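>
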Amino acid sequence: MPLPLPSPDGPLSYGMQLPVQSQSAIYAEPWEAAAVPADLVR
20 MPLPLPSPDG PLSYGMQLPV QSQSAIYAEP WEAAAVPADL VR
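At the far end of the sequence shown sits residue 61, using the working numbering, and the numbering has no gaps.
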């Protein structure tokens, strides 16, 4: 497995995947696949 390339000089950047954006069956509830924005506001 190749090693990742080093980051360029400068500020550290990072990101994350919010649960509302991902649909992994490992941690998503069944209702989330068919949810609409109004379901998330409740």
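Where a beta carbon is used, it is the ideal one built from N, C-alpha and C, also for glycine. Keep in mind it's a predicted model, so treat the numbers as computed, not measured.
Just the C-alpha distance for GLU48 and VAL60, rounded to the nearest angstrom, thanks.
16 Å
> Under three-state DSSP, which class holds VAL60?
helix
> Rounded to the nearest angstrom, what separates GLY29 and PRO21 at their Cα positions?
The C-alpha of GLY29 lies about 24 Å from the C-alpha of PRO21.
> Near ASP58, which residues of its chain fall below 8 Å by C-beta distance, leaving aside the five closest residues on each side in sequence?
In chain order, TRP50 place their CB closer than 8 Å to the CB of ASP58, counting only its own chain and leaving out the 5 sequence neighbours on each side.
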